[in-house]
Structures are given as structure tokens and as C-alpha cells.
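Comments concern the structure below.
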Amino acid sequence: PGRPHEPPSTRQLIVLLINVILANFLILTTFS
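According to the numbering used here, the sequence shown is numbered sequentially starting from 61.
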């Protein structure tokens with residue numbers, strides 16, 4: 061239990077952005 065706390069990698073940030081964009085796209089398409 062001595063692992064240093066690493067910051068989020070760019071890949072994780074990209075995946076988060078893609079998830080948010082897909083979620084917004086689905087919401088827009090369902091409410092349009």
C-alpha cells in the first residue's frame with residue numbers, strides 16, 4: 061500500500077469527453 065497517487069492520464073480524459081459528448085448527443089436526439 062505504498063503506491064503514489066497518479067494524476068488522470070490524457071486517455072482517461074479523452075474517454076470522459078467522449079462519454080459526455082455521446083450522452084449529450086443522445087439527449088438531444090431524444091428530445092428533438
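All C-beta atoms in this analysis are idealised placements derived from N, C-alpha and C, irrespective of residue type, glycine included.
What is the residue span of the alpha helix (DSSP H) that residue i lies within?
i           : result
arginine 71 : 70-91
To the nearest angstrom, how far is the alpha carbon of residue i from that of residue j?
i             : j                : result
leucine 84    : phenylalanine 91 : Before going on, a small fix: residue 84 reads as asparagine here, not leucine. If you take the alpha carbons of asparagine 84 and phenylalanine 91, they lie about 11 Å apart.
isoleucine 87 : arginine 71      : 24 Å
proline 68    : asparagine 79    : 16 Å
leucine 82    : leucine 76       : 10 Å
glutamate 66  : threonine 89     : 37 Å
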